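K.L.:
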Amino acid sequence: MAMKLQSHKPKRNIMIVYERDINIDFVVDSLNEEYETKLALNGKKAIEEITICPPDLILLYMKNPEKNGRELCRRLKANECTMEIPILFVAEKGEENDMARGFVMGAEDYIHEPVSASILKARIRTHLYVKNARDQLFMQSMLQEENVRLKALLEKLSGDEVQTGLNDLMEVPRLLSKDDNLTDRQKQILKKAESSGSRVMEKLNKSIDLYKMEDQTYEFNPVPIDLIKILYQIKRDIRNMLMAGNVGFSISIAGIPAAMTDSFEIPGEKTLFYTLLLNLIKNAVEASYDGNKVTIALEHKNKENIILVHNRGIIPKEIRDSFFEKNSTYGKEKREGIGTYVAQLIVLTMGGKISFTSDDEKGTTLVVRLPNQYSTAEPVQEIGDDEKNSNDSFRILVVDDYAMMRRLIAGFLKDLGYRNIIKLDSAVEAVKYLETEKVSLIISDYDMPGLNGIEFLQHVKEDGALCKIPFVMVTGRSDQHIVSSALSLGVAQYIVKPFTATILEKKLRKVFECRLPADF
């Protein structure tokens, strides 16, 4: 049975440091509805409490800040474990020099008595928001460093030395098994060792490929692949799972039941198709009720190859927005929840799109759309002249040196109702294009040869004819100095890869609240 997701969010924790003769009941009562409050009677007790359980924010509510508050503030800001905690002084209105000394010590703000509950809450919300944004930037920076480390590790693992070493180890049981003097038990042990080595090699290669897809460095080499053979192989591989759940399994081509002797060839890679379909089908079987059937429908339509995976279960509303995100689970306590994430990654690598519909009446259908053919080169500029609609006058310029990312962003935009999309592979080309053409929005990467995203943004904002064009930066770089530079130059929104269509939609809502398509 699926677990219920808890929507309750824990309250943020605020410590109030005060002196015995100060009445803080009003402040505590004002904050308790929205926050958890902890009280410390003096600086010494505050240090003890903060060491055990650091709060999200500190109110230094002291009558004599010169003696107590500033010293406590100095000590907290000098400690690496507490230096990032926002500190707000609550004190009687004094001289500007007193306030300046407090800021020098590291205080984030001053609130003068008598305290206004509305102003106090507004200041606290602001500083907690800033702290949260700073924490997120720090985490993104840490993740970026970890990704660099993992990339280096995977490059070592995928090197010839590691691969050759594993192959040599796997060769040992093969050679030993040729000895005619071995007992049946010994042969079984060697066979098991060989099989285990093969599984390790397979998992290693899959992990390397997955990381390359995430890093957008995977070399996709499509050849004609018969999906019918793969689907029947999957049916054999999961037969125990189908039997355990009493779930049926059917395959059709253009609405006609498909036999093992039929064929449905589309360009791709066998391993990618097997992994993609296995993940989608296993999810469908797990979501099916006793006696239901999982159906896989294949069809060619409008120069596309379409794969439909249907089951009678429904996707819980709580996870629909994050269904294709990594670790998205519902009621799977012991599962990692990356099946649909991997499926989406594979589809995007193959230049396609994946979506779903889910409701109580019809159940759930996963829809995979893949191109019928792959060109060896993509035009530098692509404008949707054949897809005019009511929003045709709204032109969006997408600039990214990675072809797959250009297609991904353009696909998201088309799903949102935009058809007039120009795709360029460098900021240098974009600058030339903007000399003669007008656009309504620019979406640009950061890491590009010749001219990076910050330099491109600066060029746009310094040009009188271009400076009013909203500029959205979409990049895998979350370095604080890059984000700060982009914000200082006037970037409208900053999106860190990987991202989803939902994230892009929310960002565009903020940029053009009144200029989006009617169905956006």
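Using our numbering, the letters of the sequence shown correspond one by one to residues 40 to 559.
C-beta atoms are modelled at their ideal positions from N, C-alpha and C, and glycine is treated no differently.
Quick caveat: nothing in here was measured; it's all calculated off a predicted structure.
1. For I264 versus K231, is the C-beta spacing smaller than 8 Å?
2. Contact check, I267 vs I295 under 8 Å by CB: the rounded distance?
3. Report the rounded CA-to-CA distance for A293 versus K340, giving the unit in angstroms.
4. Determine contact between the region 498 to 517 and the region 532 to 552, defined as no fewer than three beta-carbon pairs at a distance below 8 Å.
5. Does the beta-carbon of H349 have 16 or more other beta-carbons within 10 angstroms, so that it is buried, or is it exposed?
6. The beta strand (DSSP E) with S465 in it runs from where to where?
7. Just curious, the beta strand (DSSP E) that A79 is in, first and last residue?
8. With which residues is M54 paired in a DSSP beta bridge?
9. Can K83 and M54 be called in contact, C-beta distance under 8 Å?
10. Mapping DSSP to helix, strand and coil, what is Q532?
11. Can you list, in chain order, the residues of its chain whose CB lies under 6 Å from that of T334, leaving out five sequence neighbours each side?
12. Expressed to the nearest angstrom, what Euclidean distance is found between the alpha-carbon atoms of T403 and K356?
13. Tell me, to the nearest whole angstrom, how far the beta carbon of F451 is from that of A540; I am working on the premise that it is less than 8 Å.
14. Indicate the three-state DSSP secondary structure (helix, strand or coil) for R516 in the structure shown.
15. Is it right to say G330 is buried, meaning 16 or more other beta carbons lie within 10 angstroms of its own, or is it exposed?
16. Could you tell me if S429 is buried or exposed, where buried requires 16 or more neighbouring beta carbons within 10 angstroms of its beta carbon?
17. Between I354, T379, A297, T388, which has its C-alpha nearest G307's C-alpha?
18. According to the neighbour-count rule (16 or more other Cβ atoms, all chains shown, within 10 Å of its Cβ), is C112 buried or exposed?
19. Is F65 helix, strand or coil when you go by DSSP?
20. Would you kindly report the start and end of the unbroken beta strand (DSSP E) that includes R262?
21. Among all the DSSP beta bridges, which residues are the ones paired with R408?
22. Expressed to the nearest angstrom, what Euclidean distance is found between the alpha-carbon atoms of E375 and E364?
23. Give the secondary structure of I508 by DSSP, where H, G and I count as helix, E and B as strand, and everything else as coil.
24. Give me the Cα-Cα distance between A504 and R164, rounded to the nearest whole angstrom.
25. Of the residues R434, Y472, D439, G378, which one's Cα is nearest the Cα of N459?
26. Please list, in chain order, all residues of the same chain as G489 whose beta carbon is under 7 Å from its beta carbon, the five residues on each side excluded.
27. In three-state terms, what does DSSP make of L496?
28. Please report the residue range of the alpha helix (DSSP H) in which A298 lies.
29. In or out: P418 buried (at least 16 other Cβ within 10 Å) or exposed?
30. Okay, do the region 116 to 130 and the region 150 to 165 touch, 3+ Cβ pairs below 8 Å being the bar?
31. Mapping DSSP to helix, strand and coil, what is N30?
32. What do you get for L522, buried or exposed, if any count of 16 or more other CB atoms within 10 angstroms of its CB means buried?
33. From P153 to P49, what does the alpha carbon distance come to, in whole angstroms?
34. Which residues bound the alpha helix (DSSP H) around E338?
35. Please say whether L167 and R51 have beta carbons closer to each other than 8 Å?
P.N.:
Let me spell this out:
1. Residue numbering aside, residue 264 sits at position 225 when the sequence shown is read from its first letter. Residue numbering aside, residue 231 sits at position 192 when the sequence shown is read from its first letter. No, the pair does not count as a contact, with Cβ atoms beyond the cut-off.
2. The residue labelled residue 267 in the question sits at position 228 within the sequence shown. The residue labelled residue 295 in the question sits at position 256 within the sequence shown. For a cut-off of 8 Å, the C-beta gap from I267 to I295 is around 12 Å, too long to register as a contact.
3. Taking the sequence shown and counting its residues from 1, one reaches residue 293 at position 254. Taking the sequence shown and counting its residues from 1, one reaches residue 340 at position 301. Answer to the nearest angstrom: the Cα atoms are 9 Å apart.
4. Contact check between the region 498 to 517 and the region 532 to 552: three or more CB pairs, one atom from each, fall below 8 Å, which counts as touching.
5. Looking up residue 349 in the sequence shown gives position 310. The residue in question, H349, is buried, as its Cβ has 16 or more Cβ neighbours within 10 Å.
6. For the purposes of this step, residue 465 is taken as the residue at position 426 of the sequence shown. Annotation: S465 is outside any beta strand (DSSP E) and is labelled neither H nor E by DSSP.
7. Taking the sequence shown and counting its residues from 1, the one referred to as residue 79 is at position 40. That run of the beta strand (DSSP E) goes 74 to 79.
8. Locating residue 54 in the sequence shown gives position 15, counting from the first residue. Partner residues in the beta bridge of M54, as assigned by DSSP, are K77, I97.
9. As a working note, residue 83 is residue 44 in the sequence shown. As a working note, residue 54 is residue 15 in the sequence shown. The criterion of a C-beta distance shorter than 8 Å is not satisfied by K83 and M54.
10. Residue 532 sits at position 493 when you count from the first residue of the sequence shown. DSSP places Q532 in strand when its eight states are reduced to three.
11. Residue numbering aside, residue 334 sits at position 295 when the sequence shown is read from its first letter. For T334, where only same-chain residues beyond five positions count, the Cβ hits under 6 Å are S289, H349.
12. As a first step, residue 403 is located in the sequence shown; it is residue number 364 there, counting from the start. As a first step, residue 356 is located in the sequence shown; it is residue number 317 there, counting from the start. Rounded to the nearest angstrom, the two C-alpha atoms are 12 Å apart.
13. On the sequence shown, residue 451 is found 412 positions in, with the first residue counted as 1. On the sequence shown, residue 540 is found 501 positions in, with the first residue counted as 1. Right, the Cβ-Cβ distance comes to about 4 Å (below 8 Å), so this counts as a contact.
14. Sequence index remark: in the sequence shown, residue 516 carries index 477 (1-based). Assigned with DSSP and collapsed to three states, R516 falls in coil, not helix or strand.
15. Stepping through the sequence shown from its first residue, residue 330 is reached at position 291. Exposed: under 16 other Cβ atoms inside 10 Å.
16. To locate residue 429, count along the sequence shown from 1; it is residue 390. Legend: pLDDT at S429 = 41, less than 50; position of this residue unreliable, no value from coordinates given.
17. Counting from one through the sequence shown, the residue named residue 307 turns up at place 268. The shortest C-alpha separation from G307 is found at T388.
18. Mapped onto the sequence shown, residue 112 falls at position 73. By the C-beta density criterion, C112 is buried, having at least 16 other C-beta atoms within 10 angstroms.
19. The residue you call residue 65 lines up with position 26 of the sequence shown. The three-state secondary structure of F65, taken from DSSP, is helix.
20. Translated into the one-based positions of the sequence shown, residue 262 becomes position 223. Checking the sequence shown, residue 262 turns out to be Val, not Arg. Annotation for V262: the continuous beta strand (DSSP E) segment containing it runs 262 to 265.
21. Indexing the sequence shown from 1 puts residue 408 at position 369. I345, K392.
22. Counting from one through the sequence shown, the residue named residue 375 turns up at place 336. Counting from one through the sequence shown, the residue named residue 364 turns up at place 325. The predicted position of E375 is uncertain, since its pLDDT is 44 and thus under 50; a value taken from the coordinates is nonetheless stated next. Answer to the nearest angstrom: the Cα atoms are 12 Å apart.
23. The residue labelled residue 508 in the question sits at position 469 within the sequence shown. Coil.
24. Here residue 504 refers to the residue found at position 465 when the sequence shown is read from its first residue. Here residue 164 refers to the residue found at position 125 when the sequence shown is read from its first residue. Cα-Cα distance, rounded: 38 Å.
25. Here the question's residue 459 lines up with position 420 in the sequence shown. Across the set R434, Y472, D439, G378, the C-alpha of R434 shows the shortest separation from the C-alpha of N459.
26. Within the sequence shown, residue 489 is the residue found at index 450, counting from 1. Only S465, A466, V467 meet the Cβ criterion.
27. On the sequence shown, position 457 is the one that residue 496 refers to. Taken through DSSP and simplified to helix, strand or coil, L496 comes out as helix.
28. Against the sequence shown, residue 298 aligns to sequence position 259. Boundaries cannot be given for A298, as no alpha helix (DSSP H) includes it and DSSP labels it neither H nor E.
29. For this step, residue 418 is matched to residue 379 along the sequence shown. A caution first: P418 carries a pLDDT of 37, below 50, which makes its placement in the model too unreliable to give a value.
30. Taking 8 Å as the limit for Cβ pairs, the verdict is that the region 150 to 165 does touch the region 116 to 130.
31. Residue coverage of the chain in this structure runs from 40 to 559, which leaves residue 30 outside it and unanswerable.
32. Stepping through the sequence shown from its first residue, residue 522 is reached at position 483. Leu is not the amino acid found at residue 522; the sequence shown has Val there. V522 is buried by the Cβ-count criterion.
33. Sequence index remark: in the sequence shown, residue 153 carries index 114 (1-based). Sequence index remark: in the sequence shown, residue 49 carries index 10 (1-based). Cα to Cα, P153 sits roughly 29 Å from P49.
34. Here residue 338 refers to the residue found at position 299 when the sequence shown is read from its first residue. Run containing E338: none in the alpha helix (DSSP H); it sits in the beta strand (DSSP E), 332 to 340.
35. Counting from 1 along the sequence shown, the entry for residue 51 is found at position 12. Counting from 1 along the sequence shown, the entry for residue 167 is found at position 128. Yes. Within cutoff.
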